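Engineer: Take a look at this one; I'll ask things after.
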Amino acid sequence: MLQNAAQTYQSNQVTTATPADLTLMLYNGALKFIKQTKNAIEEKNVEKAHESSLKVQNILYELMSTLNKDYEISKEFLKLYEYMLQRTVEANMRKDITILNEVEELFVQFRDTWKEAMLLAKKQG
5 MLQNAAQTYQ SNQVTTATPA DLTLMLYNGA LKFIKQTKNA IEEKNVEKAH ESSLKVQNIL
65 YELMSTLNKD YEISKEFLKL YEYMLQRTVE ANMRKDITIL NEVEELFVQF RDTWKEAMLL
125 AKKQG
């Protein structure tokens, strides 16, 4: 029952979120799944590490597909997302926490910058 309520709440959050909120959710989701991947690697749970890593990769594909190509900065974001994807795949194959730490740091920077941009937009809005 509680699980269903939580899923309904999450579903409602996603369907009522702005594009900016959705991007923030993707960044936070990626960070959550990177932590799960690292924990699974430490626990020698290869299957769980792989599943969590695939979730990070899917988030990166989503971020790449939703970039607005009309803006020059989108090309820079795309390059970084592609690099992060390549490193995530490599980390998954090698079960390498060091590489995941690098990708995690990039996600933290993206997330924190995004949150700042959202706050500035609200102040100006």
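Take 5 as the starting number for the sequence shown in our numbering and just add one per residue.
Virtual Cβ for every residue (Gly too), placed ideally from N, Cα, C.
Since this is a predicted model, take the numbers as computed values, not measurements.
(1) Would you mind stating whether residue 88 and residue 64 have Cβ atoms separated by less than 7 Å?
(2) Closer than 8 Å by C-beta to residue 115: which residues in its own chain qualify, once you throw out the five before and the five after it? Chain order, please.
(3) Pick out whichever of 102, 98, 84 and 22 has its Cα sitting closest to the Cα of residue 111.
(4) So what's residue 46 in DSSP terms, helix, strand or just coil?
(5) Determine the contact status of residue 71 and residue 78, defining contact as a CB-CB distance below 7 Å.
(6) Specify the secondary structure class of residue 71 as computed by DSSP and reduced to three states.
(7) If distances are taken between C-alpha atoms only, which option among 37, 73 and 75 comes closest to residue 62?
(8) Excluding the 5 residues flanking residue 106 on each side, which residues of the same chain have their C-beta closer than 8 Å to its C-beta?
(9) If we ignore side chains and look at the alpha-carbon of each, how far apart do residue 127 and residue 121 end up?
(10) Skipping 5 residues on each side, what residues in its chain have a beta carbon closer than 8 Å to that of residue 60?
(11) So, using beta-carbon positions, are residue 103 and residue 94 closer together than 7 Å?
(12) Please report the straight-line C-alpha distance between residue 100 and residue 129, rounded to a whole angstrom.
Structural biologist: On the basis of the data shown:
(1) One-based indexing of the sequence shown puts residue 88 at position 84. One-based indexing of the sequence shown puts residue 64 at position 60. Yes, Cβ-Cβ distance for residue 88 and residue 64 is below 7 Å.
(2) Residue 115 sits at position 111 when you count from the first residue of the sequence shown. Only 28, 31, 32 and 35 meet the Cβ criterion.
(3) Position 107 of the sequence shown holds residue 111. Nearest C-alpha to residue 111: 84.
(4) Looking up residue 46 in the sequence shown gives position 42. Note: residue 46 maps to helix in three-state DSSP.
(5) Walking along the sequence shown from the start, residue 71 turns up at place 67. Walking along the sequence shown from the start, residue 78 turns up at place 74. Inclusion of residue 71 and residue 78 in the CB contact set at 7 Å is warranted, their separation being smaller than that value.
(6) In the sequence shown, counting from the first residue as 1, residue 71 sits at position 67. Residue state for residue 71 is assigned as coil, using DSSP reduced to three classes.
(7) Within the sequence shown, numbered from 1, the residue matching residue 62 stands at position 58. Ranking the options by Cα distance to residue 62, first place goes to 37.
(8) Your numbering for residue 106 matches position 102 in the sequence shown. Counting only Cβ-Cβ distances below 8 Å, and skipping sequence neighbours, we find 91.
(9) The sequence position of residue 127 within the sequence shown is 123, counting from 1. The sequence position of residue 121 within the sequence shown is 117, counting from 1. Using only the alpha carbons, I get a separation of about 10 Å.
(10) Indexing the sequence shown from 1 puts residue 60 at position 56. Excluding residues within five positions, the ones whose Cβ falls inside 8 Å are 34, 37, 38, 41, 92 and 107.
(11) The residue given as residue 103 occupies position 99 in the sequence shown. The residue given as residue 94 occupies position 90 in the sequence shown. In contact: residue 103 and residue 94 (Cβ atoms closer than 7 Å).
(12) Position 96 of the sequence shown holds residue 100. Position 125 of the sequence shown holds residue 129. Approximately 43 Å between the Cα atoms of the pair.
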